[in-house]
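Please read the structure below before turning to the comments.
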Amino acid sequence: MPSQPIVAPTEHVYINTGQYFAPVPREVREYQLADYQVAEKWLKDRAGRQLSLDEIRTYCHFVTALHRTIAIQEEIDDLYPTVEEQVITLLTLPQPQVAS
């Protein structure tokens, strides 16, 4: 594997001159968690050596999970305005009754 994964303008992530993962959408390749592009970091951590079959499967599962995570986050983002409208503020709460 090269020292850096090579990303083609298509949805291909090359791990050497003839082998690649595809499709890996741009939003998956660029997805960040704690300042890391996680898909790229995973490959960089294995740079310079041949990936095992288990590692290839793991990367495929990993990319699929990231893709689904992004889709779910977009669904949550779409729901946020509705949730925000239903937030109870202190002004809308009933005042406590003082026991006499």
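Okay, so the sequence shown: first residue is -6 according to our numbering, each after it adds one.
Cβ atoms here follow ideal geometry from the backbone N, Cα and C, with glycine treated the same way.
Self-check item: Nonlocal neighbours in the same chain, by C-beta distance under 6 Å from His5, ignoring five residues either side
Solution: Tyr13 and Ala15
Quiz item: What is the residue span of the alpha helix (DSSP H) that Asp47 lies within?
Solution: Leu46 to Glu78
Quiz item: Cα separation between Arg61 and Ala32?
Solution: 14 Å
Quiz prompt | Coil, strand or helix - Leu86 by DSSP | solution = coil
Quiz item: Terminal residues of the continuous alpha helix (DSSP H) containing Arg19?
Solution: Arg19 to Arg22
Exercise. Kindly indicate which three-state DSSP category Val6 falls into: helix, strand or coil?
Key: strand
Exercise. Per DSSP, which residues does Gln25 bridge with? Please list them.
Key: Gln30
Quiz item: Between the beta-carbon of Tyr24 and the beta-carbon of Leu59, is there less than 7 Å?
Solution: yes
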